[in-house]
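Below you'll find the structure, written out as structure tokens, and then a few comments.
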Amino acid sequence: MRVGGRAVPALLYACLLGLAWAQQPAQGNDPEAQVLALIDAGRFRDAESAIAQAQARPGIPSDQRDRLGFQRERMRRILLDFTLDRAALEAGVRKQIPDLTDAEFGRWLAAGLFEARTIDDRTLYFKRAPSNLFRLSAEALGRRDPKLPPITDGPMETLNPHQRAIRDAALEQGRTSVRPLRVRMTQTLTVDADAVPAGETVRAWIPYPRAIPGQQQDIRAIDSQPAQRSIAPESALQRTAFLQQPAVAGKPTTFSVSYELTIFGRHHAIDQDRVVAATITPDLQPFVQERAPHVVFTDAMRAYSRKVVGGETNPYRIAQKLFAAVDTIPWAGALEYSTIGNISDYALHAGHADCGQQTLLLITLLRLNGIPARWQSGMVFSDSAYDNIHDWGQLYLSPYGWVPMDVTTGRLSADKGTGDDPSMEWFYLGGLDNWRIAFNDDWSRDFVPAKRHFRSDTVDSQRGEVEWDGGNLYYDQWDYSFQWRLLPLDANDKRTAVAVKDNQ
Numbered sequence: 001m002r003v004g005g006r007a008v009p010a011l012l013y014a015c016l017l018g019l020a021w022a023q024q025p026a027q028g029n030d031p032e033a034q035v036l037a038l039i040d041a042g043r044f045r046d047a048e049s050a051i052a053q054a055q056a057r058p059g060i061p062s063d064q065r066d067r068l069g070f071q072r073e074r075m076r077r078i079l080l081d082f083t084l085d086r087a088a089l090e091a092g093v094r095k096q097i098p099d100l101t102d103a104e105f106g107r108w109l110a111a112g113l114f115e116a117r118t119i120d121d122r123t124l125y126f127k128r129a130p131s132n133l134f135r136l137s138a139e140a141l142g143r144r145d146p147k148l149p150p151i152t153d154g155p156m157e158t159l160n161p162h163q164r165a166i167r168d169a170a171l172e173q174g175r176t177s178v179r180p181l182r183v184r185m186t187q188t189l190t191v192d193a194d195a196v197p198a199g200e201t202v203r204a205w206i207p208y209p210r211a212i213p214g215q216q217q218d219i220r221a222i223d224s225q226p227a228q229r230s231i232a233p234e235s236a237l238q239r240t241a242f243l244q245q246p247a248v249a250g251k252p253t254t255f256s257v258s259y260e261l262t263i264f265g266r267h268h269a270i271d272q273d274r275v276v277a278a279t280i281t282p283d284l285q286p287f288v289q290e291r292a293p294h295v296v297f298t299d300a301m302r303a304y305s306r307k308v309v310g311g312e313t314n315p316y317r318i319a320q321k322l323f324a325a326v327d328t329i330p331w332a333g334a335l336e337y338s339t340i341g342n343i344s345d346y347a348l349h350a351g352h353a354d355c356g357q358q359t360l361l362l363i364t365l366l367r368l369n370g371i372p373a374r375w376q377s378g379m380v381f382s383d384s385a386y387d388n389i390h391d392w393g394q395l396y397l398s399p400y401g402w403v404p405m406d407v408t409t410g411r412l413s414a415d416k417g418t419g420d421d422p423s424m425e426w427f428y429l430g431g432l433d434n435w436r437i438a439f440n441d442d443w444s445r446d447f448v449p450a451k452r453h454f455r456s457d458t459v460d461s462q463r464g465e466v467e468w469d470g471g472n473l474y475y476d477q478w479d480y481s482f483q484w485r486l487l488p489l490d491a492n493d494k495r496t497a498v499a500v501k502d503n504q
């Protein structure tokens, strides 16, 4: 990453964001700690004054100036997330419950079901709090206008024939990667007209998959807009396709990249009695360690782990307990990750979490218990028009090695009346469907080529990133989309080919 034209090593990335100190009190004359404490207290005007004073000091190191500058940007982003006063919040709920009573609204407000922050003596509510209510309260969901479209989950979040077919094929063939799909994917990023002055060069990074043997492979670039592109090497753990073109007055600036790849369903038939504690080699060591600011073994995290794990010593059964516990956290629309000081701690305490927050919490808990765990993220889709961005991960179980985990899709309810194997409940602890493409095998890693300005998402990379010489373009200035179709498998592949289907 680059800030002010200077390259910043990945190991300093979290420090650059200024979030690693978010859990620490202000100390002495440390201007960064003071600014963080003021922001955490909701004193944004005072934080802005402190930033200006600190940046005006003679001889201030340039990296500290940049870290303080990000805190100014972070406050701006927080205010883009927290846009509702109480009246607007109530109006948002009333759109879905037309006959909402004052008593109902007051009860849900008192229960803390609407995420809020007090900023400069104003209580502001998260812009997605009205819709999140129906994810967090069965009572509210029961009161929702039945004429509205139902609130639905992704197609893989309930046990279905696709998951069963992956499990059955894996057991029949004695393989852990089965039922390949060949997919052509097009990802598009569209910058708003006049977001960048005409003639200025707009630079875009669109997430792009790495080859992962047995999961996704045979990746082939097909096309892009503009035609000239630079695809990061396979070694980039947050891989992207880089494109650039000049802005034209009055017209959106559109970037796209198309590619094909083969995706496999995954299933490991794990015998929990065979699982033993892994020998932590140098290769595994990073995956049992803390990694501030988002994977930290806080006192609260340790206490929660003890409560969930109890006296269990078998690594797989520990993983099951932790997976089940995190899976009980309700899903809700999330704050932008760049605004959160410690994501795993946030997921532990907020009362809700999205997929990346749940995954970082589970990674933290597994590592705390000596079980190697790491990150994956990208997008999910289906044989219909459904698509979404999504995060999941992997854990290391000896003697099986690295196996998938998706705690947000979570435990599946096996129907014994249909003869389901009860082990299908744990399909996503050791298995994956093949309706997903991984773009990232880690979080907060450098792009190739590096950005010059702060990223919009300082943790994940799923929607893309855009900038010009004048600065970063945030999410309110552009949009993204996915389009895909299934292709026949190569004629040399003896497995059953899939029919062509287009979601457009």
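For what it's worth, this note's numbering labels the leading residue of the sequence shown as 1, then goes sequentially. Quick reminder that beta carbons are idealized off the backbone N, C-alpha and C, glycines included. Bear in mind the structure is a predicted one, so any value in this text is a computation, not a measurement.
- Taking 9 angstroms as the cut-off, the beta carbon of D406 is found no closer than this to the beta carbon of L365.
- Of all alpha-carbon atoms in R74, L113 and V257, the one lying nearest the alpha-carbon of W484 is that of V257.
- The shortest CA-to-CA distance from P315 to any of T281, G351, F297 and S398 is the one to S398.
- A direct Cα-to-Cα measurement between L261 and L486 gives close to 10 angstroms.
- In the DSSP assignment, Y125 forms a beta bridge with L84 and A116.
- Checking the DSSP bridge columns, you'll see F447 has no partner listed.
- Under the three-state reduction of DSSP, M185 is assigned to strand.
- Counting of Cβ neighbours within 10 angstroms places L361 among the buried residues, the total reaching 16 or more.
- G42 and G69 have their C-alpha atoms roughly 17 angstroms apart.
- Excluding residues up to 5 positions away in sequence, C355, G356, T359 and S377 lie with their Cβ nearer than 6 angstroms to the Cβ of D391 in the same chain.
- Looking at the DSSP output, H267 shares a beta bridge with G431.
- Per DSSP, reduced to three states, the secondary structure at H453 is coil, with no helix or strand assignment.
- Distance from the CA of A438 to the CA of D387, rounded to the nearest whole angstrom, comes to 13 angstroms.
- Judged by their CB atoms, D345 and A385 are not nearer to each other than the 9 angstroms cut-off.
- Within the DSSP bridge table, the entry for W392 names Q376 as partners.
- With 16 or more neighbouring CB atoms inside 10 Å of its own CB, Q34 falls in the buried class.
- Residue state for P282 is assigned as coil, using DSSP reduced to three classes.
- Per the C-alpha coordinates, the member of E115, P130 and Q228 positioned closest to L100 is P130.
- By the neighbour-count criterion, in which a residue is buried when 16 or more other Cβ atoms sit within 10 angstroms of its Cβ, D441 is buried.
- F381 has D387 as its beta-bridge partners, per DSSP.
- Spanning the alpha carbons of V295 and A47 requires a straight line of approximately 26 angstroms.
- Sequence-distant Cβ neighbours of E200 in its own chain, meaning closer than 8 angstroms and more than five residues away, are P246, A247, W468, D469 and G470.
- Residue state for D218 is assigned as strand, using DSSP reduced to three classes.
- Distances from the CA of L243 to each of S305, I231, L171 and F287 were compared; the closest alpha carbon is that of I231.
- Per the C-alpha coordinates, the member of D421, P330 and Q462 positioned closest to L133 is P330.
- Between A373 and I363, the gap from beta carbon to beta carbon is short of 9 angstroms.
- With contact defined as three or more Cβ pairs closer than 8 angstroms, the segment 320-334 and the segment 279-289 are not in contact.
- Secondary structure at P246: strand, using DSSP grouped into helix, strand and coil.
- Taking C-beta atoms as the reference points, L79 and I119 count as a pair closer than 9 angstroms.
- By the CB criterion at 9 angstroms, R411 and F323 fall inside the cutoff.
- In the DSSP assignment, E172 falls within the alpha helix (DSSP H) that extends over P161 to Q173.
- Assignment of I437 by DSSP, reduced to helix, strand and coil, places it in the strand class.
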